[in-house]
Amino acid sequence: MKKIGIIGAMELEVEALKAKMDIRRKEEKASMEFLEGTLNETEVVIVRSGIGKVNAALCTQILCDLFDVSHIINTGVAGSLKNEINIGDIVVSTDALHHDVDVRIFGYPLGEVPQVGCLAFPADEHLGQLAQSCCNEVNPDISVYQGRIVSGDQFISEKKLKDKIAENFQGFCVEMEGASIAHAAYLNHVPFVIIRAISDKADDSAEMDYPSFERAAAAHSAALVEHMLPFI
Ligand code: ADE
Numbered sequence: 000m001k002k003i004g005i006i007g008a009m010e011l012e013v014e015a016l017k018a019k020m021d022i023r024r025k026e027e028k029a030s031m032e033f034l035e036g037t038l039n040e041t042e043v044v045i046v047r048s049g050i051g052k053v054n055a056a057l058c059t060q061i062l063c064d065l066f067d068v069s070h071i072i073n074t075g076v077a078g079s080l081k082n083e084i085n086i087g088d089i090v091v092s093t094d095a096l097h098h099d100v101d102v103r104i105f106g107y108p109l110g111e112v113p114q115v116g117c118l119a120f121p122a123d124e125h126l127g128q129l130a131q132s133c134c135n136e137v138n139p140d141i142s143v144y145q146g147r148i149v150s151g152d153q154f155i156s157e158k159k160l161k162d163k164i165a166e167n168f169q170g171f172c173v174e175m176e177g178a179s180i181a182h183a184a185y186l187n188h189v190p191f192v193i194i195r196a197i198s199d200k201a202d203d204s205a206e207m208d209y210p211s212f213e214r215a216a217a218a219h220s221a222a223l224v225e226h227m228l229p230f231i
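Here it is as structure tokens:
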């Protein structure tokens, strides 16, 4: 059966979706509240994971083990790593990696977790294409990009660090959960996609921009997820 796990790190990334769903069951696990029910005529489990990679990985594993989800979508905000990707635009993952992993000393490429077998976790192509086409319908004024999303347990707000991450990994945007969701989904053989709307440019302007734009950006991403659901 099709059942979509929807993860947002923060409440404002999932609150609109929660408000619209018909809730059948609430379950608390690992201090996270999992809401199971229907949204846009689709079976869903919606959850706020909390911020950062450990919370995101835990949450994804619980969705797989206890809720038996068939697909996972991560919705939220991110900092742009490319000049042409602006605040309000949307990035849909082609793949995701951990920008803060470094085991080069033993021969692994920067970003690769030893013994997992890949540097970047590939997102599901159907989900990616669906996100792109739905975005053109739902948010026609917003530019949507398909590309790599990179994650680390760090809020990036310095141009020097941003440029280094962009150069090392060819990422389109940076955030703090996507790679862990991708990693856990990959190990569980569950198709996933990460959808992130840009809240800041991950440089010295990020501290100012993030609080101003996070709410609108989170809403763009959530609206797109809602529209995708019946077509998965
Ligand atoms: N989420 C939104 N903006 C971000 C940034 N600049 N760094 C990390 N995570 C983010």
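Numbering (numbering that gives the first Met the number 0), first residue to last: 0 to 231. We put the CB at the ideal spot given by N, CA and C, even for glycine.
Query                                                                                                   : Result
Option in E42, G51, F33 with minimal Cα separation from I180                                            : G51
beta-carbon F230 near the ligand ADE non-hydrogen atom, thresh 7 Å                                      : no
Alpha-carbon spacing of Y185 relative to I3, whole angstroms                                            : 15 Å
Minimum C-alpha distance to E111 - residue among L80, V149, I141, Q145                                  : V149
CA-to-CA distance, H125 to S92, given in whole angstroms                                                : 12 Å
Y209 beta carbon near the ligand ADE (any heavy atom closer than 7 Å)                                   : yes
Endpoints, beta strand (DSSP E) assigned at E42                                                         : 41–47
Euclidean distance between Cα positions of H219 and S79                                                 : 15 Å
Contacting residues, own chain, Cβ-Cβ under 8 Å from E176 (five flanking each side not counted)         : I6, A8, S48, I50, G51, K52, N54, A55, N73, G75, S150
Whole-angstrom C-beta distance between A95 and I194, which should lie under 8 Å                         : Not quite, the Cβ-Cβ distance comes to about 12 Å (not below 8 Å), so this is no contact.
Stretch pair the region 25–45 + the region 135–143: three plus CB contacts closer than 8 Å              : no
Classification of C117 by the beta-carbon crowding that lies within 10 angstroms, buried from 16 upward : exposed
Alpha carbon of V248 to alpha carbon of I86, nearest angstrom                                           : This structure does not reach residue 248, given that the chain is present from 0 up to 231, and the question cannot be answered.
CA nearest to the CA of K158, picked from S30, D88, A215, A205                                          : A205
Which listed residue (A119, E12, V43) has its alpha carbon closest to that of M0                        : V43
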